[in-house]
Amino acid sequence: MKEIKPLLEVRDLKMHFPVHGGMLFRRVATVYAVDGVSFDVRPGETVGIVGESGCGKSTLGKTILRLYDPTEGKVLFEGRDLAHIHGGDLRAVRRDLGIIFQDPYESLNQTHTVGYILEEPFLIHGVGSPEQRRVWARELLSKVGLPESALGRYPHEFSGGQRQRIGIARAIALKPKLVICDEPVSALDVSIQSQILNLLLTLQKEMGLAYIFIAHDLAVVKHVSDRIAVMYLGKIVEFADADRLHHRPLHPYTQALLASIPEPDPSKSVEDKPFLEGEIPSPRNPPPGCRFHTRCPYAQPRCREEVPSLISGPNAEAEHRVACHFAEALKPTVK
Amino acid sequence: MPKLLEVRDLRVRFDGEAGPVRVVRGVSFDLERGATLGIVGESGSGKSVTSLAVMRLLPKPAGVIEGGSVLLEGRDLSALPPDEMAKVRGNRISMIFQEPMTALNPVHTVRRQIAESYELHHPEMSAAQVAAASLQMLRDVGIPDPVKRLDEYPHQLSGGMRQRVMISIALACRPDVLIADEPTTALDVTIQAQILKLIKRLQREYGMAVLFITHDLGVIAELCDDVAVMYAGQIVERGSAKDIYASPKHPYTRGLLDSIPRLDSKRKTLLKTIEGMVPDFNSLPVGCAFGNRCGMVVDACKAAPPPLEPAGSGRLSRCLRWKDLA
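Those protein sequence lines, which keep their order, are chains W and A.
Here the first sequence stands for residues 1 to 335, numbered as in the working numbering.
Here the second sequence stands for residues 1001 to 1326, numbered as in the working numbering.
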């Protein structure tokens, strides 16, 4: 396979949040939200990031965009480190980056009309004349399947699905190269969810967008992604081609996650399924060694002490990386 | 012998500022002892309001039961005076909700909240008996370290643990019917699997019937024997889970099943969709409520609301063209 130059290279990214408390408001603890994450995104592809609450997937997306200043690590976008540029340089790079949030109602300014909301990205970056911007806003609306009459209306006049379309229109306004989709369909009803997923797939094809698609629903992530990173407590535990991850998951957590998804098939009862015991530990006090060892059915003494690194899986499948000391030994248990 | 729970032509209205809105428009179903019925639908389908009406927990004064009956072993709950209903609620029928943090009382310990059920419905129990029964409940729902947990407050518990506490309160008096309204929607998927498994086990151990309300067709498939699909305040299809998932007899059910991304679906292909959105309750079409989004709509669908009629092998469908659905 020929080497494709990545669009985005995330290198050992860490985002730790201090927790302050007590009488003198001193730093009393640290939340290890993102704790050493590395992966690439190629032009035009979708990398899915999946995990449960507290795994750091949302923080990762926001840190990549520099909505947070990372504690450590690099975020190379076309070779430039987003983590260490400022002011005008950062603004210039941001033209190439978009973000879509779970609830566009919170991210859209409710005191502005949809027309203004869609023209604003052009205003901020000083592109186009007023007439030109109005034309672009109209084009954006038709791209996301909304009528032109939406221009003069306000976000609260729209349903959840329509608001998400507005959020998407704004995110793609400046023709970015990479869009971070942070749980874009989790707040939507099933019948609306598929409309929005189709819109994202269509726009990707038309505009050559790369996506980082963050969600807790593995079936949704698998449907839209080329490659998937599974996160647990601030770390990627497995990274692989989407189909491969589904058919040959190597990490016990990925296996459990796949088994826990309720499938629309009445022949499978919940009682026959293997499931994961215990609760997700807090990222404020992650377990030592492998962070999954407290819930892992295969945990050995070594797992409690030594942090496994994310390395190529058994048989040197370069594209399939897993962070488990015993991935090789566990392989036969995988379907 | 009368059925355990029989809901007949239930109608619920909300009186809002913009006038009355009829959100449940003639819902009927039965629940047999020990059985599991799933009610599935999207936002605004009326599934949650139906369950609140059965429990007589509609928000007052806006929510009104306009008509129909809710028969528990032949006794009409919708006509009971409030004090009589209070003896049924939490005793014969219990309910658990999506967000246990809002359903639990934040200023009372777990012990206090479980004990309340016994004090209300079994005043003959001694304090020692109540304490023993409460501890046993926490053990039954699989809470680690139950002795310690009894004296904790809801905020000290994780989401999954709170849901377990809520289940222990709901089941303290061994109700005949448990109504579960999206109990796992706010939970992570590995915790959801634990709670679903727990509900299934307790249902079998206690021999209770479960009315499970959710938007998630996957959850219904794993848990329920029978399914009722709701749309715009009505049941549009009813039948065994096996039959409905294998061959839906209503275009809305078919549309829902087709639009879910599945693990084994082909990646990055366009999903089937149901175009448009749920109609506003104040401007429902004259005919079939799903007509404006339906790909099979014909003139007859627009003329009058279709009835819920038998569609073979114990199924019911509110579609004039159910026979055309292969």
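The beta-carbon is built from N, C-alpha and C at its ideal position, and this holds for glycine as well.
Between the CA atoms of residue j and residue i - distance to the nearest angstrom
i       : j       : result
A:S1317 : A:G1218 : 21 Å
W:M207  : W:K175  : 7 Å
A:L1320 : A:P1310 : 11 Å
A:T1050 : W:S149  : 36 Å
W:R11   : W:C296  : 27 Å
A:R1025 : A:G1160 : 34 Å
A:M1095 : A:S1126 : 25 Å
A:M1137 : A:G1207 : 16 Å
A:G1239 : A:E1006 : 16 Å
A:L1057 : A:G1038 : 20 Å
A:A1035 : A:E1116 : 28 Å
W:W136  : W:E119  : 8 Å
A:S1045 : A:E1275 : 17 Å
W:P130  : W:I49   : 38 Å
A:L1178 : A:V1227 : 16 Å
W:T63   : W:A299  : 31 Å
W:A327  : W:H251  : 6 Å
W:S355  : A:V1147 : Since the first and last residues shown for chain W are 1 and 335, residue 355 of chain W lies out of range.
W:G87   : W:R94   : 11 Å
W:G278  : A:Q1192 : 12 Å
W:L310  : W:F239  : 8 Å
W:R163  : W:V190  : 16 Å
W:P308  : W:A29   : 24 Å
A:C1224 : A:K1268 : 31 Å
W:M23   : A:S1265 : 55 Å
Neighbourhood of residue i by C-beta, 7 Å cutoff - its chain only, sequence neighbours within 5 removed
i       : result
A:D1009 : G1026, S1028, G1067, G1068
A:P1306 : C1288, R1318, C1319, L1320
A:I1169 : Q1113, I1114, S1117
Residue of the options minimising C-alpha distance to residue i
i       : options                            : result
W:V270  : W:L151, W:P262, W:L276             : W:P262
A:A1023 : A:V1236, A:F1281, A:R1315, A:A1304 : Strictly speaking, residue 1023 of chain A in this sequence is Val, with Ala absent from that position. The option with the nearest alpha carbon to A:V1023 is A:F1281.
W:R284  : W:I166, W:P18, W:I4                : W:P18
W:P301  : W:Y105, W:G61, W:G289              : W:G289
W:L140  : W:L76, W:Y116, W:H125, W:G160      : W:Y116
W:V47   : W:F213, W:Y298, W:V322             : W:F213
W:M231  : W:H247, W:S225, W:Y253, W:V224     : W:Y253
A:R1162 : A:D1176, A:T1184, A:R1174          : A:T1184
W:V336  : W:L118, W:L201, W:V37, W:R27       : No statement about residue 336 of chain W is possible, as the shown extent of chain W runs from 1 to 335 and does not include it.
A:V1278 : W:A329, W:S159, W:S142, W:P287     : W:S159
W:P184  : W:I168, W:V28, W:A210, W:E319      : W:I168
A:F1212 : A:G1041, A:R1315, A:A1103, A:H1121 : A:G1041
W:F292  : W:V41, W:G54, W:E106, W:H156       : W:G54
A:V1236 : A:K1047, A:P1261, A:R1201, A:A1172 : A:K1047
A:R1164 : A:K1266, A:K1197, A:P1002          : A:K1197
A:T1102 : A:M1055, A:L1271, A:P1154          : A:P1154
A:A1133 : A:R1174, A:L1104, A:G1314, A:L1223 : A:R1174
A:R1293 : A:K1323, A:T1253, A:H1122          : A:T1253
A:K1249 : A:A1018, A:G1016, A:K1323, A:K1003 : A:K1323
Cβ shell of residue i (< 6 Å), same chain only, five flanking positions each side left out
i      : result
W:K335 : Because the pLDDT of W:K335 is 41, which lies under 50, any placement of that residue in the model is unreliable, and the number read from its coordinates should be weighed accordingly. So the list is empty, once near-sequence residues are dropped.
W:L276 : A256, R295
W:Y32  : H16, G234, P283, P286
W:P332 : Residue placement at W:P332 is poorly supported in this model, since its pLDDT is 45, which falls under 50; the coordinates are not used for a value here.
Endpoints, the beta strand (DSSP E) within which residue i is located
i       : result
W:P18   : 8–21
A:L1211 : 1209–1214
W:Y154  : Unbroken run through W:Y154: none, as it is neither H nor E.
W:M231  : 227–232
W:K74   : 72–77
Delimiting residues of the alpha helix (DSSP H) encompassing residue i
i       : result
A:L1135 : 1127–1140
W:C303  : 301–305
W:Y211  : Run containing W:Y211: none in the alpha helix (DSSP H); it sits in the beta strand (DSSP E), 210–215.
W:I117  : 114–124
A:I1199 : 1189–1206
Residues of its chain near residue i, where Cβ-Cβ distance is below 8 Å and the 5 sequence neighbours each way are ignored
i       : result
A:D1151 : T1109, V1110, R1111
W:I166  : P104, L108, V114, I117, L118, V144, L146, A150, P155, F158
A:L1202 : D1140, V1141, I1167, L1171, M1208
A:V1088 : L1072, L1077, L1080
W:L258  : L218, H246, P249
The ligand HEM heavy atom lying under 7 Å from the CB of residue i
i      : result
W:L146 : The ligand HEM is not part of the structure shown, which contains no ligands of any sort.
Listed from N- to C-terminal order along the chain, which residues in the region 1175–1206 of chain A have their beta-carbon within a distance smaller than 8 Å of any beta-carbon of chain W?
-> D1188, V1189, T1190, I1191, Q1192, A1193, Q1194, L1196, K1197, K1200, R1201
Just by C-beta distance, which residues in the region 32–53 of chain W are closer than 7 Å to chain A?
-> E52, S53
If contact means a Cβ-Cβ distance below 9 Å, which residues of the region 1126–1143 of chain A contact chain W?
-> none
What are the residues of the region 156–178 of chain W that lie near chain A, defined by any Cβ-Cβ distance shorter than 9 Å?
-> Listed by position along the chain: S159, G160, G161, Q162.
Going along the region 178–196 of chain W in order, which residues come within less than 8 Å of chain A, judged by CB to CB distance?
-> D189, V190, S191, I192, Q193, S194, Q195
Can you list, in chain order, the residues of the region 257–270 of chain W whose Cβ is nearer than 9 Å to any Cβ on chain A?
-> Within the region 257–270 of chain W, the qualifying residues are L257, L258, A259, S260, I261, P262, E263, P264, D265, P266, S267, K268, S269, V270.
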